[in-house]
Amino acid sequence: MYDQLNHHRSIPGFQRQIIWRLLALICVVGVLAACGNASVADQSEGAESADATDTTSTEVEEAETGTEVTDESTETGAGTESEETESAAEADVSAEETATESTLEEPDAYGGTETNIADTSDEATEDDETALSPQLPATVTDLNGEMVEIESVDRIVSLTGDITEILFALDLGAQVVGVDVSATYPPDELEALPKIGYQRQLDAEGIISLDPTLVIGDEAAGPPAVFDQIRAAGIPVALTSDPPTLASPLAKVRFVAEAVGIPEQGETLIEEMEADFAYSEELLARVTSPEPRVLFLYIRGNQTQMVAGSNTAADAMITAAGAINAGAEAGIADFKPLSSETIVAAQPDVFLVLDAGLESIGGIDGLLEIPGLAETPAGQEQRIASFDDLYLLGMGPRTGEVLIDLIAVFHEEVQEATAP
Ligand code: MG
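Counted from 1, the sequence shown has number 217 at position 217 by the working numbering; the numbering is strictly sequential.
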């Protein structure tokens with residue numbers, strides 16, 4: 001149903017590596033030939049970008065829920081190690097793909113494969129377009145109730161994917177100098193940015209080396225000792241809370257906009273987001289079908305298969321879209337391993353999954369091979385809705401948009417009414 005396009009290429013990893021290395025070599029040779037010694041600075045910039053992309057391959061690439069689930073599985077003893085290995089393998093694949101794609105399609109991203117003149121003019125245009133006038137110093141209260149003062153937003157390191165998306169939505173992308181690997185949106189703009197690792201496994205030295213004037217994120221970021229080190233280096237760290245509720249996206253936008261000294265732009269973005277929420281409520285008012293029972297499954301291959309209960313972003317999204325969270329109804333809180341008892345108790349009409357999860361298990365056919373799933377109403381009707389991780393669960397600026405999508409998936413009469 002919402003099975004989104006599969007962007008992954010089917011080139012085997014070994015060949016991809018060779019292709020990537022060859023292309024990198026060609027780029028370097030090309031730059032040397034075109035610009036001679038005058039472009040030394042450009043080359044090293046290109047090399048830096050390539051290094052940053054390569055680093056990603058050694059890090060775990062997962063968005064928000066991924067970690068929450070990992071944490072849960074640690075508690076419940078459900079194969080954490082193998083999950084990490086798989087995730088790392090996934091990160092490997094997507095990092096290499098990123099590298100290959102950008103080399104093939106967007107040489108500009110490597111800043112140095114084109115002429116110096118083009119690069120300079122691009123940068124100048126970018127600066128003009130994003131010439132915001134932040135009111136600084138700005139002060140915000142962080143999630144521990146501490147006041148944080150920010151004097152400059154010239155170099156921002158963003159620790160979590162949702163906060164990164166908010167910074168870009170506020171037109172502050174040009175000031176972002178580092179992001180974590182859960183940051184997947186906006187994809188093109190993020191491609192060339194240095195990666196600081198995974199939001200829950202951060203390393204202070206890597207962040208400090210980017211010379212940030214502001215380090216910002218939400219409660220998912222950690223471990224806490226990292227922030228003591230960053231603060232000791234004289235760099236302000238602004239962390240906000242991120243409860244799994246629909247109030248969270250608006251509160252996070254307000255926090256970020258205040259922290260970077262552009263509160264009015266924050267309110268403008270909030271108004272746009274509220275318009276999406278208002279439209280989703282209009283759609284809900286048109287619903288005539290009964291609320292479907294939806295089971296959210298977090299899947300990473302055969303090793304990690306979890307169900308979302310109450311107190312999760314998935315629960316908030318399902319219930320706000322006019323459906324019943326069948327996991328919560330079966331008595332589950334947070335994320336718990338999928339069991340046959342849960343499936344029997346839940347009797348879902350729809351399975352809600354993440355694109356990466358569905359892919360990891362071999363698509364819809366693979367999903368329905370999990371014992372018990374094919375016998376549920378959702379399995380028999382093959383009602384499976386799949387979304388991107390950060391889009392569905394990030395509680396970012398697009399939360400209202402994904403709600404509108406969900407309502408159309410859960411209520412076919414609304415889908416017909418809104419179809420172009
Ligand atoms: Mg978050």
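Where is the CB? At the ideal position from N, CA and C, for every residue including glycine.
Quick caveat, the model's predicted, so the values are computed rather than measured.
Quick check: what's the CA-CA separation for residue i versus residue j?
i, j, result
"G254", "G266", "For the sequence presented, residue 254 should be read as Arg rather than Gly. So the alpha carbons of these two residues sit roughly 6 Å apart."
"T184", "A314", "19 Å"
"I11", "E359", "Any reading at I11 must be qualified, since the residue scores a pLDDT of 34, below 50, and its modelled position is unreliable; the value itself is stated next. Their Cα atoms are separated by approximately 16 Å."
"I404", "K195", "32 Å"
"S152", "P223", "25 Å"
"G197", "E191", "14 Å"
"S340", "I332", "13 Å"
"S248", "E416", "30 Å"
"V148", "P137", "10 Å"
"G322", "R200", "32 Å"
"P263", "P243", "22 Å"
"G111", "V177", "Residue placement at G111 is flagged as unreliable, the pLDDT there being 28, under the threshold of 50; the coordinate-derived value follows with that caveat. Distance between the alpha carbons of G111 and V177: 15 Å."
"Q229", "Q305", "36 Å"
"D355", "V215", "30 Å"
"A308", "A345", "14 Å"
"V414", "I150", "46 Å"
"G379", "Y391", "24 Å"
"E219", "S241", "5 Å"
"A424", "A251", "Here the chain covers residues 1 to 420 and nothing more, so residue 424 does not appear."
"N302", "Q347", "21 Å"
"T55", "T376", "The predicted position of T55 is uncertain, since its pLDDT is 33 and thus under 50; a value taken from the coordinates is nonetheless stated next. C-alpha separation (whole angstroms): 42 Å."
"F387", "F351", "11 Å"
"A330", "T245", "20 Å"
"D211", "D154", "10 Å"
"L406", "E274", "17 Å"
Looking at C-alpha atoms only, which residue of the options is the closest neighbour of residue i?
i, options, result
"R383", "F296, A313, S133", "F296"
"S280", "L214, T312, A320, P244", "A320"
"A204", "P186, D180, D188, L193", "D180"
"D389", "N325, I207, V353", "V353"
"A328", "S310, E189, I343, L338", "S310"
"F427", "I318, I324, T312", "A query on residue 427 cannot be resolved here, the shown segment of the chain reaching from 1 to 420 and no further."
"T164", "L202, V256, I208", "V256"
"G357", "P377, G366, P397", "G366"
"I270", "L393, I166, D162", "I166"
"H411", "V294, E189, D188", "V294"
"V157", "T268, A408, A221, P187", "A221"
"G396", "E146, S133, T160, L193", "T160"
Where DSSP assigns a beta bridge to residue i, which residues make up the other side?
i, result
"V409", "According to DSSP, V409 bridges with nothing at all."
"Y298", "M306"
"R293", "I324"
"A138", "I150"
"L354", "F387"
"F335", "A308"
"S158", "V179, I216"
Can you find a heavy atom of the ligand MG that lies under 7 Å from the Cβ of residue i?
i, result
"T399", "no"
"A220", "yes"
"D242", "yes"
"D162", "yes"
Taking Cβ positions only, does residue i come closer than 8 Å to chain C?
i, result
"A221", "No chain C is present in this structure, which holds just one protein chain."
Validate contact between the segment 134-143 and the segment 228-244 using beta carbons, cut 8 Å, 3 pairs:
yes
State whether the segment 365-375 contacts the segment 273-288, with contact taken as three or more CB pairs (one from each stretch) at a distance under 8 Å.
no
Per the contact definition of three or more C-beta pairs closer than 8 Å, is the segment 294-308 in contact with the segment 163-171?
The answer is no - the segment 294-308 does not touch the segment 163-171, with fewer than three Cβ pairs under 8 Å.
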